[in-house]
Structures are given as C-alpha cells and as structure tokens.
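Asker: Quick one: structure below, then a few questions.
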Amino acid sequence: MIERAEQAGRIKPGDTLVEGTAGNTGIGLALVAQQKGYRLLLVVPDKMSREKIFNLKAMGAEVVLTRSDVAKGHPEYYQDLAKKIAEDTPGAYFINQFGNPDNPAAHAEFTGPEILEQMDGRMDAIVFGCGSSGTMTGLSQFLAKASPATELVLADPVGSILAQYINDGTLSQKSASWMVEGIGEDFLPSISDFSRVKKAYAISDKESFLTARLLLEKEGVLGGSSTGTLLAAALKYCRAQTTPKRVVVFVCDTGNKYLSKQFNDYWMLDNGFIERAQHGDLRDLILRPYAQRDTVVIGPHEPLTVAYQRMKLYDVSQLPVMDDERIVGILDESDLLMHVHADSARFADPVSTAMVSKLEFVDMRTPVAQLMPVFDRGHIAIVMDGPKFLGLITRIDLLNYLRRRVN
Ligand SMILES: Cc1ncc(COP(=O)(O)O)c(C=O)c1O
240 MIERAEQAGR IKPGDTLVEG TAGNTGIGLA LVAQQKGYRL LLVVPDKMSR EKIFNLKAMG
300 AEVVLTRSDV AKGHPEYYQD LAKKIAEDTP GAYFINQFGN PDNPAAHAEF TGPEILEQMD
360 GRMDAIVFGC GSSGTMTGLS QFLAKASPAT ELVLADPVGS ILAQYINDGT LSQKSASWMV
420 EGIGEDFLPS ISDFSRVKKA YAISDKESFL TARLLLEKEG VLGGSSTGTL LAAALKYCRA
480 QTTPKRVVVF VCDTGNKYLS KQFNDYWMLD NGFIERAQHG DLRDLILRPY AQRDTVVIGP
540 HEPLTVAYQR MKLYDVSQLP VMDDERIVGI LDESDLLMHV HADSARFADP VSTAMVSKLE
600 FVDMRTPVAQ LMPVFDRGHI AIVMDGPKFL GLITRIDLLN YLRRRVN
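For the sequence shown, our numbering assigns the number 240 to the initial residue and increments by one for each residue that follows.
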C-alpha cells in the first residue's frame with residue numbers, strides 16, 4: 240500500500256501516514272515506515288493486546304488508543320477517528336486498508352500464488368478470517384483464475400455480521416463485541432468481494448482461545464487468537480466432509496503477542512473461558528488460590544526490596560505475609576511507601592517492620608454482599624476457612640465475578 244501510493248506520487252518519505260488498525264497491519268506499516276522515513280500515526284482499539292502496542296511503539300509508531308465498544312459511524316470508532324486525524328493533519332495520508340484496492344491486490348499478487356505453489360497446485364478449500372477483507376478478496380480474485388474449484392470458507396467471530404451475511408444473505412445492522420483480534424466486522428468493507436465465499440462458520444471467543452491453546456498443546460504451534468477461530472472453523476469444515484480434502488488454514492500471527500491473554504490462565508479464568516470447580520461461596524471469587532500455590536506471597540523476614548520486586552513482577556498491589564502456613568500480615572503499596580518515603584535505605588528492612596498485622600478476616604461462607612463494607616474501609620478481603628488461609632479478594636476480583644455473571 241505504501242509502495243503503490245509512492246508510485247502514484249501521493250506520498251514521499253518524510254510525510255505522515257495515518258491508519259486505523261487492530262495491530263498487525265500497523266506492525267507491517269511500522270516496519271516499512273521506519274525503513275523509508277515516514278512518520279506513522281496509528282489509531283488502535285483498546286481491546287488489543289499490550290504486546291502489539293509495545294511492538295508498535297518500539298518500532299517508532301505513535302499510537303492513539305480508542306474505544307473498541309463503538310461501531311462504524313461513531314467518532315471514536317478507530318477507522319473514523321483515523322480518517323479524521325488524517326484530514327486534520329497537514330500533509331497526512333490515510334492508508335485506509337478497508338477501502339484501499341492495493342490491499343487485496345497485494346494478496347492477489349503475492350499471498351495467493353505463494354500458497355498455491357506450496358500446495359503443488361492442488362487445494363480443495365481455504366479457510367480464512369476477514370478483518371479488512373484484503374486477504375479474502377485478493378485470494379478470491381487470484382483463485383477465480385488459478386484454481387476456480389477451490390472452496391472459500393470464512394471463519395468469523397460470534398458477534399460479527401459476516402457469517403450471517405454469507406450463510407443467510409442477510410446483513411444485520413447489529414453487531415456484538417468479541418475478544419478475538421484482527422477479524423470480524425460490523426460492516427462490509429468497500430474493498431470486500433464475498434461473491435465466491437459460500438460457507439461461513441461463526442466461532443465463539445471461548446472456542447477460538449481453547450483451539451489456539453490446543454494447537455500449541457498438540458502440534459507445538461504458538462498461534463494468535465484469530466488462528467484459533469480459523470482452525471476451529473477449518474476443523475468443523477473438515478469433519479463435515481465425506482472424502483479426504485486438501486485444506487489450507489492460516490496461522491495469522493504468533494501467540495507470543497497474546498501471552499498475557501489466551502495463554503494466561505488467570506486471564507482465561509477471569510473471562511470465564513476456563514472454569515474451576517465452583518463452590519457457591521467466596522472461594523469462587525479467589526483468582527489465585529493459596530492451596531494451589533497461586534497466591535503471590537512474601538515472608539516476614541524477607542527484605543522490602545524483594546516485596547517491591549515481587550509486586551512489580553506479578554503486577555499486584557499487595558502481598559499476604561506468610562509465616563509457614565500462617566498469615567501474619569498484609570503488605571500493600573501504601574504500607575511500603577509509608578515505610579520508605581523518608582529514607583530509601585529502609586528498603587533493606589524486613590517485611591515485618593512495614594506490614595499491617597491487625598488483619599480483618601472474612602470467612603469463606605460470608606455472603607458476597609458483605610465484601611463491599613470491607614472494600615469501603617480500604618481493605619482487601621482475606622478469605623479464611625477456620626484458621627486456614629484460602630486467598631485474597633480485591634475489588635477487581637469482585638468486578639470480574641460480577642461481570643462473569645452477566646455473560
Ligand atoms: C491476527 C489477524 N488475523 C487476521 C487478520 C485479517 O486479515 P485481513 O485484514 O486481510 O482481512 C488480521 C488483519 O490485520 C490480523 O491482524
């Protein structure tokens with residue numbers, strides 16, 4: 240897209256490129272922009288993984304985060320916002336992957352021939368997802384000539400409007416949100432040509448994430464979230480066949496970009512994608528049960544520097560202080576700050592000198608409603624079964640629990 244715009248005399252190095260992207264187009268653009276000397280400004284929806292955003296920033300792109308819960312036509316929708324920023328920035332060029340014919344052209348010219356060659360010219364079906372629809376439209380254009388018998392199969396997240404459009408021919412005005420990144424749409428991109436796509440599968444977030452995890456477990460392939468959606472659809476397609484078929488599916492990006500999400504059990508639990516045995520009491524709200532060695536803890540004799548490093552490493556704001564199996568205190572960020580603010584040499588002091596040891600315990604049978612007064616007093620809930628420490632419940636744990644019940 241950049242090279243074609245250069246050839247057409249629309250841009251030259253030094254100009255500003257602007258794009259709305261779920262991340263990976265942005266990473267591609269950032270590579271080229273950095274090499275060719277363009278300034279790059281990307282508008283990215285806030286559901287995208289941190290890893291992608293860090294990756295973009297590391298390559299010198301300027302990232303504007305925007306809402307991921309609004310649809311096309313809303314001023315904060317990532318594509319609308321990118322277009323507006325491009326219009327308002329002097330000398331800026333809007334890449335517009337959703338409306339730029341050079342996007343599918345790249346796939347018709349390169350992706351399609353590369354795949355067909357690797358398949359020795361024999362390919363019964365190809366399963367893809369649609370974000371910008373560049374991959375699908377370009378492949379469709381290429382295969383129409385080079386391998387017209389190849390079936391085109393769409394893998395779509397539940398909530399997107401595309402699967403229904405393919406299977407029933409109806410265009411829903413309503414889309415819901417989904418967590419898989421890079422695919423699914425709430426409108427038909429102007430570059431899209433679905434005419435040769437006859438079959439679509441709608442795949443839930445849960446099935447997508449679990450399938451991506453299964454791919455790693457069974458085959459050692461670390462793929463991203465859309466990979467899970469595509470593979471789940473490809474498996475459904477294959478299982479519906481009565482004769483052996485040669486079927487291609489994409490691993491669209493690496494799972495390294497999703498280590499904090501689909502490959503993180505806590506994130507999966509938080510979102511209800513994997514389940515633990517439910518007890519019908521406060522144990523259901525404990526994200527990191529102590530009995531499973533999941534709670535991040537500290538000993539009373541360890542130095543505060545260790546407590547500080549541990550809080551940072553695990554991204555927690557408090558640590559239960561454990562003396563063998565007994566909880567003897569809690570150390571949170573403000574306890575630590577109070578202790579060291581006047582004299583940073585006090586980081587060497589033992590945890591016991593800064594922790595709070597007057598603890599308020601909550602029995603696991605306590606009703607959920609009674610957590611609020613604990614939080615109101617500025618505490619976290621220390622959940623006990625008699626003398627046995629079970630784990631902590633923080634405000635975010637309660638929020639996650641309530642959110643899970645809405646789903
Ligand atoms: C992870 C991932 N999967 C799939 C796609 C869909 O590709 P396309 O935009 O060509 O439809 C993208 C697009 O950036 C993506 O980032």
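The beta-carbon is built from N, C-alpha and C at its ideal position, and this holds for glycine as well.
Give a yes or no on whether the C-beta atoms belonging to valine 675 and methionine 577 are separated by under 8 angstroms.
Answerer: Look at the range of the chain in this structure, 240 to 646, and you will see that residue 675 is not part of it.
Asker: With which residues is isoleucine 621 paired in a DSSP beta bridge?
Answerer: Answer by DSSP bridge pairing, in chain order: Phe600 and Leu631.
Asker: Tell me which residues share the same chain as methionine 287 and place their Cβ nearer than 7 angstroms to its Cβ, disregarding the 5 neighbours each side in the sequence.
Answerer: Answer for methionine 287: Ala261, Gly262 and Glu420, listed in chain order.
Asker: Sorry if obvious, but does the Cβ on isoleucine 365 come closer than 7 angstroms to a heavy atom of ligand 1?
Answerer: Answer for isoleucine 365: no, Cβ out of range of ligand 1.
Asker: May I ask you to check if the CB of alanine 321 is nearer than 7 angstroms to at least one heavy atom of ligand 1?
Answerer: No - ligand 1 has no heavy atom lying nearer than 7 angstroms to the Cβ of alanine 321.
Asker: CB of aspartate 492 to nearest heavy atom of ligand 1: below 7 angstroms?
Answerer: True, at least one ligand heavy atom lies under 7 angstroms from that Cβ.
Asker: Whose CA, out of Pro483, Gly370 and Val282, lies closest to the CA of isoleucine 430?
Answerer: Comparing Cα-Cα distances from isoleucine 430 to each of Pro483, Gly370 and Val282, the minimum goes to Gly370.
Asker: Just the Cα atoms here: how many angstroms apart are arginine 478 and aspartate 285?
Answerer: Each residue's Cα considered, the two are about 36 angstroms apart.
Asker: What's the call for glutamate 258, buried or exposed, on a 16-neighbour Cβ count within 10 Å?
Answerer: With 16 or more other Cβ atoms within 10 Å, it is buried.
Asker: For phenylalanine 586, which residues in the same chain have their Cβ closer than 6 angstroms to its Cβ, ignoring the five residues on either side in sequence?
Answerer: So the qualifying residues of the chain are Leu543, Thr544 and Val579.
Asker: Using DSSP bridges, identify the partner residues of aspartate 395.
Answerer: Answer is Ala441.
Asker: With threonine 350 and glycine 377 assumed to form a contact (beta carbons below 8 angstroms), what rounded beta-carbon distance in angstroms separates them?
Answerer: Going by Cβ atoms, the distance from threonine 350 to glycine 377 rounds to 6 angstroms, so yes, they are a contact pair.
Asker: Tell me, which residues are paired with glutamine 557 by DSSP?
Answerer: Glutamine 557 is bridged to Asp571.
Asker: Report all residues from its chain with a CB closer than 8 angstroms to the CB of alanine 648; omit the five preceding and five following residues, and keep chain order.
Answerer: No information on residue 648 is available, as it lies outside the stretch 240 to 646 that the chain covers here.
Asker: Would DSSP call valine 283 helix, strand or coil?
Answerer: In the structure shown, valine 283 sits in a strand (DSSP, three-state: E or B).
Asker: Taking 7 angstroms as the cut-off, is the beta-carbon of asparagine 263 closer than that to any non-hydrogen atom of ligand 1?
Answerer: Yes; taking the cut-off as 7 angstroms, the Cβ of asparagine 263 has a heavy atom of ligand 1 nearer than that.
Asker: Rounded to the nearest angstrom, what separates aspartate 520 and aspartate 615 at their Cα positions?
Answerer: The alpha-carbon atoms of aspartate 520 and aspartate 615 are separated by roughly 21 angstroms.
Asker: From methionine 358 to alanine 473, what does the alpha carbon distance come to, in whole angstroms?
Answerer: Approximately 17 angstroms, taken between the alpha carbons.
Asker: My output table needs one value for aspartate 407: the three-state DSSP class, helix, strand or coil.
Answerer: It is helical.
Asker: With DSSP collapsed to three states, give me the class of valine 303.
Answerer: Strand, per DSSP.
Asker: What's the call for lysine 500, buried or exposed, on a 16-neighbour Cβ count within 10 Å?
Answerer: Buried, by the Cβ-count rule.
Asker: At 3 residues or longer, and completely inside the segment 449 to 516: list those beta strand (DSSP E) runs for me, N to C.
Answerer: If we require 3 residues or more, the beta strand (DSSP E) runs fully inside the segment 449 to 516 come out as 486 to 488.
Asker: Return the residue from the list Asp319, Ala584 and Ala310 that minimises the CA-CA distance to lysine 413.
Answerer: Nearest of Asp319, Ala584 and Ala310 to lysine 413, Cα basis: Ala310.
Asker: Using 10 angstroms around the beta-carbon of isoleucine 635, count the other beta-carbons present and answer buried if the total reaches 16, otherwise exposed.
Answerer: Exposed, by the Cβ-count rule.
Asker: List the DSSP bridge partners of alanine 364.
Answerer: Answer is Glu390 and Val486, bridged to alanine 364.
Asker: Per DSSP, what kind of secondary structure is alanine 239 in: helix, strand or coil?
Answerer: With the chain covering only 240 through 646, there is no way to say anything about residue 239.
Asker: Any heavy atom of ligand 1 closer than 7 angstroms to the Cβ of glutamate 242?
Answerer: Checking every heavy atom of ligand 1 against the Cβ of glutamate 242, none is found closer than 7 angstroms.
Asker: For threonine 260, name the three-state secondary structure that DSSP assigns.
Answerer: Correct three-state label for threonine 260: coil.
Asker: Taking the beta carbon of histidine 346 as the centre, do at least 16 other beta carbons fall within 10 Å, making it buried, or is it exposed?
Answerer: Buried, by the Cβ-count rule.
Asker: Using 8 angstroms as the threshold, is the segment 301 to 309 in touch with the segment 275 to 284, meaning 3 or more CB pairs across them?
Answerer: As far as the Cβ criterion goes, the segment 301 to 309 touches the segment 275 to 284, which means the pair count is three or higher.
Asker: How close, in whole Å, do the beta carbons of isoleucine 405 and serine 465 come, if the pair is a contact with beta carbons under 8 angstroms?
Answerer: Rounded, the Cβ-Cβ distance is 17 angstroms, inconsistent with contact.
Asker: Just checking, does the segment 455 to 465 make contact with the segment 490 to 500 on the three C-beta pairs under 8 angstroms criterion?
Answerer: With the cut-off at 8 angstroms, the segment 455 to 465 and the segment 490 to 500 touch.
Asker: With respect to 7 angstroms, is the separation between the Cβ of cysteine 477 and the closest non-hydrogen atom of ligand 1 below this value?
Answerer: Because no heavy atom of ligand 1 lies under 7 angstroms away, the Cβ of cysteine 477 does not count as near it: no.
Asker: Which whole-angstrom value is the C-beta distance of alanine 383 and arginine 435, which I expect to be below 8 angstroms?
Answerer: Contact holds; Cβ gap of about 6 angstroms.
Asker: Based on DSSP bridge pairs, tell me the residues matched to valine 436.
Answerer: The partner list for valine 436 (beta bridge, DSSP) reads Leu391.
Asker: Which residue's Cα is closest to the Cα of lysine 551: Tyr529, Leu575 and Ile566?
Answerer: Of the candidates Tyr529, Leu575 and Ile566, the one whose C-alpha sits nearest the C-alpha of lysine 551 is Leu575.
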